[in-house]
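Colleague: In terms of this note's numbering, the sequence shown is residues 4 to 212.
Take a look at the following structure, please.
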Amino acid sequence: MDYIMAPPSNAVILFNGKDLSNWQTRSGGTAGWEVKDGIITVVPGTGDIMTKETFTDFYLHLEWMEPDMPDAKGQAKGNSGVYLQGRYEIQVLDSYGIEPPGKGDCGAIYNQYAPLVNACKPPLQWQAYDFIFRSARTGADGKIENARITACQNGMVIHNNVIVDGVTGGAINDKVLEPGPILLQDHGNLIKYRNIWIIPLPLKGSDKY
Ligand code: MG
C-alpha cells in the first residue's frame with residue numbers, strides 16, 4: 004500500500020493492517036470498527052476505539068480519509084477526531100476550502116485552538132496527521148504545566164507548540180499527569196483510517212556535555 008509516510012524502524016505499530024487487536028472500546032470491550040484491505044472504517048454506533056497501550060510523550064502519525072458528504076454541513080460533515088492521551092481532541096472533519104478555519108474545523112484542538120492554516124484535502128483523498136505531543140507534567144514550582152501540541156496536516160504546520168487550556172470535551176478523564184491512549188472518535192460518519200504508528204519519546208535528554 005502506498006502510504007503517505009512509511010513507519011520508521013523504531014515505530015510502534017498501533018494498527019497492524021489486519022485487525023484491531025491493539026484497540027478496545029472506552030469501556031474495555033472489543034473494538035467494533037471494520038477492518039478491510041488494511042483500512043479501518045468507523046462503524047457508526049459502535050463507539051470510540053482506543054489503544055490498549057498508553058503513552059506519555061510521543062510522535063504520532065496516522066492517515067485518514069473523509070467520506071464525500073456534499074449535502075452535509077459543519078460538524079455533520081465527516082466528523083471524527085483523534086484524542087491524544089484520550090484527552091485532547093484534534094478535530095477530523097471535512098473542512099476543505101473553509102477560510103479561515105475555526106476552533107471546530109478540521110485540525111482544530113477542539114474548541115481551544117483553530118489550525119494556523121487550512122491544510123485540508125478534498126474528501127476521498129488520503130490525508131496525514133503528524134503530532135509531537137508533550138504531556139502535562141509537574142513543573143519545578145510544583146504546579147502543573149499543561150500539555151503542548153505541535154501538529155502537521157499534510158506536511159503543513161497547523162499547531163506550533165501550543166499549550167492546551169486543559170482537556171477537551173469527551174476526554175476519557177482529566178488525570179492529565181497519567182499516560183493515556185490514542186483514541187479515535189465515532190461521530191457517526193464513515194471516516195477511514197490507516198497506517199497508525201507512534202514513537203514514544205523520552206521525557207528529557209541527557210545533561211551530559
Ligand atoms: Mg470530532
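Think of the CB as a built atom: it goes at the ideal place given N, C-alpha and C, for glycine as much as any other residue.
Bear in mind the structure is a predicted one, so any value in this text is a computation, not a measurement.
Could you check the C-alpha separation between V179 and P125 for me, to the nearest Å?
Modeller: Near 34 Å, if we compare the C-alpha coordinates of P125 and V179.
Colleague: Just to confirm, does N192 get its C-beta within under 6 Å of one of the non-hydrogen atoms of the ligand MG?
Modeller: No - the ligand MG has no heavy atom lying nearer than 6 Å to the Cβ of N192.
Colleague: Going by C-alpha distance, which of L127, D133, G32 is nearest I93?
Modeller: Taking only the C-alpha atoms, the option nearest I93 is D133.
Colleague: Secondary structure at G100, three-state DSSP: helix, strand or coil?
Modeller: Of the three classes helix, strand and coil, the one that applies to G100 here is coil, per DSSP.
Colleague: So for A34, helix, strand or coil by DSSP?
Modeller: Coil at A34, not helix or strand.
Colleague: Could you check whether the Cβ of N82 sits closer than 6 Å to any heavy atom belonging to the ligand MG?
Modeller: Answer for N82: yes, Cβ within range of the ligand MG.
Colleague: Measuring from the CB of Q115, is there a heavy atom of the ligand MG at a distance below 6 Å?
Modeller: Outside the cutoff, so no.
Colleague: Pick from G35, P103, F61: whose alpha carbon is nearest that of A14?
Modeller: Checking every option, the nearest Cα to that of A14 belongs to F61.
Colleague: Whole angstroms are fine: how far does the CA of D210 sit from the CA of M68?
Modeller: About 42 Å.
Colleague: Report the start-end ranges of each beta strand (DSSP E) in the segment 79-126 that is 3 residues or longer and not cut off at the edges.
Modeller: The segment 79-126 contains these whole beta strand (DSSP E) runs: 83-87, 91-95.
Colleague: Hey, would you say the C-beta of Q130 is under 6 Å away from at least one heavy atom of the ligand MG?
Modeller: False, no ligand heavy atom lies under 6 Å from that Cβ.
Colleague: Which residue marks the beginning of the beta strand (DSSP E) containing Q130, and which one marks its end?
Modeller: It spans 129-137 - the beta strand (DSSP E) in which Q130 sits, taken as one unbroken run.
Colleague: By the 10 Å Cβ neighbour count, where 16 or more other Cβ atoms means buried, how is L21 classified, buried or exposed?
Modeller: Strictly speaking, residue 21 in this sequence is Lys, with Leu absent from that position. Exposed: under 16 other Cβ atoms inside 10 Å.
Colleague: Thinking C-alpha only, which one of Q27, Y212, L186, P104 is nearest A174?
Modeller: The residue with the shortest Cα to Cα distance from A174 is L186.
Colleague: Output yes or no for whether 7 Å exceeds the beta carbon distance between T171 and Y116.
Modeller: Not a contact, by the Cβ cut-off of 7 Å.
Colleague: For the ligand MG, I want to know if Q94 counts as a neighbour, meaning its beta carbon is within less than 6 Å of at least one of the ligand's heavy atoms.
Modeller: Within the cutoff, so yes.
Colleague: Look at G234 and P70 and say whether their C-beta atoms are less than 7 Å apart.
Modeller: A question about residue 234 goes unanswered here, because the residues of the chain that appear run from 4 up to 212.
Colleague: DSSP state of G208, grouped into three classes?
Modeller: G208 falls in the coil class under three-state DSSP.
Colleague: Which residue wins for smallest C-alpha separation from Q88, given the options I52, D108, K106?
Modeller: Taking only the C-alpha atoms, the option nearest Q88 is I52.
Colleague: Give me the residue from N176, K106, V38 with the minimum Cα distance to R29.
Modeller: Of the listed residues, the one whose Cα sits closest to R29 is N176.
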